[in-house]
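Taking it in order: structure first as C-alpha cells, then the write-up.
Numbering (the working numbering), first residue to last: 124 to 393.
The structure is reproduced here in C-alpha cells:
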C-alpha cells in the first residue's frame, strides 16, 4: 500500500474533531473520546493533522516515540499494551519536538495525503482525525481525500464564550459547504471544578454551545468542565499516566456518555 492510493477499507468509522478557534481543548477532547471508545472495546486510531501544533503525542504520553516502516507502510505508534489505541502525528517525525513546521498549504496537504495513504492502521473501528483550528487548507484537503470513504461526520468543540461560538458558526457553515455531516457540538471548559470542594464555577459563562446547537438543529453532546487533575496527569513526565488512569478521572463518566452518543450517530449513519 505504501506510496499508492488511499485505502481505508479496513476502517469502519471516520470522525473529524473540529474547532472554530484554537485553545478550546480540541486535542484533549479527541484524546478522551478515543480512550472512551477504547473502553467500549473498540480499536481506535488518532490521526493528528494539526501539523504546526501537534499535541496528541504529548496527551498520550508518547513524546519521543518513533514510527517504523513496514512492508505495508508506516506503522502507527501504540499508546496501550493491548494495541487498541494507535496514533500518527508529525510530532513523531520531528528531530526535536520544539522544531517549528513552516510550510505552505500545498506541502501541508501533501503530508496529510501521505499520512492517509502510507499509514498501516490495520483493522479499526474508529479513526479520529484531530484537525487544526479554523477552516484552512488542511481541512479542505482532508475532506477531499476522504470523500470516497464517506466519513461519518464531525464533532465540533467550542467553549462557552461568545467569541468562540461565533467561530463555531463558521465551522458549521464550512461543514455544510463541503457536505460533511455534523454529529454534534461539545462545550468544553464549561466551568471549573474545584479540586477541594468539587464545586463547579462557570468562569467562562455557560450554555452558549447548547443554545447554538439548538439554533442550528444540531445535537448537543454535553458540557465538559476544566479539571485540574487532567492537566496534572497529562504533564506527569509524559509517561502515559492519563492513558492508564483515565477510567479513574473525574471526566471519564462524562466522556463515556459523549462517546456513546458518537457511537449511536455513527451506527445510525445520522
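Yeah, the Cβ is synthetic: ideal placement off N, Cα and C, and Gly gets one too.
Count the other C-beta atoms from every protein chain shown that fall within 10 angstroms of the C-beta of residue i, then say buried if there are 16 or more, exposed otherwise.
| i | result |
| --- | --- |
| residue 145 | exposed |
| residue 360 | Legend: pLDDT at residue 360 = 47, less than 50; position of this residue unreliable, value from coordinates given subsequently. Classification for residue 360: exposed. |
| residue 231 | buried |
| residue 155 | buried |
| residue 310 | buried |
| residue 270 | exposed |
Restricting to Cα atoms, I'd like to know which of the options is closest to residue i.
| i | options | result |
| --- | --- | --- |
| residue 163 | 338, 207, 189, 343 | 207 |
| residue 193 | 373, 243, 357, 255 | 243 |
| residue 174 | 215, 313, 134 | 215 |
| residue 250 | 171, 354, 357 | 171 |
| residue 352 | 287, 365, 257, 294 | 365 |
| residue 373 | 357, 384, 348 | 348 |
| residue 370 | 297, 151, 159 | 159 |
For residue i, decide whether its Cβ has a neighbour in chain C, counting only Cβ atoms nearer than 8 Å.
| i | result |
| --- | --- |
| residue 269 | The structure shown contains no chain C, having only a single protein chain. |
State yes or no: is the C-beta of residue i within less than 8 Å of the C-beta of residue j?
| i | j | result |
| --- | --- | --- |
| residue 266 | residue 303 | yes |
| residue 307 | residue 350 | no |
| residue 139 | residue 254 | yes |
| residue 148 | residue 312 | yes |
| residue 381 | residue 345 | yes |
| residue 260 | residue 228 | yes |
| residue 246 | residue 133 | yes |
Apart from the five residues on each side of it in sequence, which residues of its chain come closer than 6 Å, Cβ to Cβ, to residue i?
| i | result |
| --- | --- |
| residue 124 | Unreliable positioning characterises residue 124 in this predicted model, as indicated by a pLDDT of 46, which lies under 50. The coordinate reading is nonetheless provided below. Excluding residues within five positions, the ones whose Cβ falls inside 6 Å are 130, 195, 196. |
| residue 389 | 136, 275 |
| residue 209 | 168, 199, 201 |
| residue 264 | 232, 235 |
| residue 354 | none |
Quick one: what's got a C-beta closer than 8 Å to residue i's C-beta in the same chain, skipping five residues either side?
| i | result |
| --- | --- |
| residue 289 | 143 |
| residue 188 | 180, 200, 215 |
Give every residue of the same chain whose Cβ lies closer than 7 Å to the Cβ of residue i, excluding the five residues on either side of it in the sequence, and list them in chain order.
| i | result |
| --- | --- |
| residue 339 | 295 |
Hey, which unbroken runs of the beta strand (DSSP E) at 3 residues or more fall wholly within the segment 137-199?
-> Complete beta strand (DSSP E) runs here, min 3: 167-171, 191-193, 196-198.
Length at least 3, wholly inside the segment 333-383: the beta strand (DSSP E) runs in chain order = List check, beta strand (DSSP E) in window: 343-349.
Which runs of the beta strand (DSSP E), 3 residues or longer, sit entirely within the segment 209-271?
-> Segments of the beta strand (DSSP E) lying fully in the segment 209-271: 247-253.
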